[in-house]
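Chemist: Residue numbers (this note's numbering): 8 to 111.
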DNA sequence: TACTTGACCAGGC
DNA sequence: GGCCTGGCCAAGT
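1) One question on the structure: do residue 38 and residue 48 come within less than 8 Å of each other, judged by their Cβ atoms?
2) Measure from the alpha carbon of residue 31 to the alpha carbon of each residue in 84, 89, 55, 77, then state which is nearest.
3) Just the C-alpha distance for residue 109 and residue 46, rounded to the nearest angstrom, thanks.
4) Near residue 16, what residues of its chain come up, given a Cβ to Cβ distance below 8 Å and the 5 sequence neighbours on each side ignored?
5) Check residue 45 in the structure and name its three-state DSSP category.
6) Where do the N-terminal and C-terminal ends of the alpha helix (DSSP H) with residue 19 fall, by residue?
7) Could you spell out where the alpha helix (DSSP H) holding residue 87 opens and where it closes?
8) Leaving out five residues on either side along the sequence, give the residues of the same chain with a beta carbon under 6 Å from the beta carbon of residue 64.
9) According to DSSP, is residue 51 part of a helix, a strand, or is it coil?
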């Protein structure tokens, strides 16, 4: 799998996340590991930082439900608009956490 | 080629 | 619940 295809796979998966739901970087990496064979949460974060502009990046948060540094305000506003379960610290992962398996 | 960096994660305090 | 540390792995320089 070429780097470009890898990036595309990440973006494709992020686009599949339903409104009001979120996925952690680690979950995305894990889901992709099945297709690409290699993945890491850090890599997903790096990809989002570079190519996240064309996808609902706000639906991807850290495993703790925290929002991307420097984008907390914007992400929170969008998530709130979609009706995502929010907590004072970020996102309620227990309620909003989503996995591609659920959609399948 | 080698070193540094990063929108991370899990574990320990 | 929040901060610090070590480990991960690939991209960027």
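Glycine is no exception: its CB is placed at the ideal position from the N, C-alpha and C atoms.
Modeler: Taking the coordinates as given:
1) Residue numbering aside, residue 38 sits at position 31 when the first chain is read from its first letter. Residue numbering aside, residue 48 sits at position 41 when the first chain is read from its first letter. Cβ distance not < 8 Å, so residue 38 and residue 48 don't count as in contact.
2) Numbered from its first residue, the first chain carries residue 31 at position 24. Of the listed residues, the one whose Cα sits closest to residue 31 is 55.
3) As a first step, residue 109 must be located in the first chain, where it is residue number 102. As a first step, residue 46 must be located in the first chain, where it is residue number 39. Cα to Cα, the separation comes out at about 21 Å.
4) Taking the first chain and counting its residues from 1, the one referred to as residue 16 is at position 9. The answer, listed in chain order, is 8, 39, 42, 43.
5) Position 38 of the first chain holds residue 45. Assignment of residue 45 by DSSP, reduced to helix, strand and coil, places it in the coil class.
6) Numbered from its first residue, the first chain carries residue 19 at position 12. Boundaries of the alpha helix (DSSP H) around residue 19: 10 to 23.
7) The residue you call residue 87 lines up with position 80 of the first chain. Unbroken alpha helix (DSSP H) run through residue 87: 79 to 89.
8) The residue given as residue 64 occupies position 57 in the first chain. Here the set comprises 55.
9) Position 44 of the first chain, counted from the first residue, corresponds to residue 51. If DSSP states are grouped into helix, strand and coil, residue 51 belongs with the helices.
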